[in-house]
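Following: one structure in structure tokens, then a few remarks.
Structure representation (structure tokens):
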């Protein structure tokens, strides 16, 4: 039984740095970009929370839909 617990601790110690790196390098930037998408921040200066206004504006824009169609076409052409 002691060997099982020791193996469990060793496995955790080997896997933990990978999980920490994944959180910092992948999940944290995704969460931060979603947070900034809910603001009017331009990259410099202060920002205000505006909710989903950015998304509503994008969904109502003709250029957004054209760009989305182009991206989907490119993705399909790459896969096939």
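Numbering (the numbering used here), first residue to last: 196 to 275.
Note that the Cβ used here is the ideal one computed from N, Cα and C, for glycine as well.
Bear in mind that the values here come from a model prediction, so they are computed numbers and not experimental data.
For residue i, which residues from the same chain have a beta carbon less than 6 Å from its beta carbon, with the 5 sequence-adjacent residues on both sides left out?
i	result
residue 277	Look at the range of the chain in this structure, 196 to 275, and you will see that residue 277 is not part of it.
What does residue i pair with, by DSSP beta-bridge criteria?
i	result
residue 244	234
Between residue i and the rest of its own chain, which residues show a CB-CB distance below 8 Å, the 5 nearest in sequence each way excluded?
i	result
residue 245	233, 234 and 235
Thinking residue i and residue j are a contact (beta carbons under 8 Å), I'd like their distance in whole angstroms, please.
i	j	result
residue 267	residue 259	Actually they do not touch by this definition, with Cβ atoms about 13 Å apart.
(request) Tell me, please, whether the stretch 222-238 touches the stretch 205-213 by the rule of three or more beta-carbon pairs shorter than 8 Å. (result) Under the three-pair Cβ rule at 8 Å, the stretch 222-238 does not count as touching the stretch 205-213.
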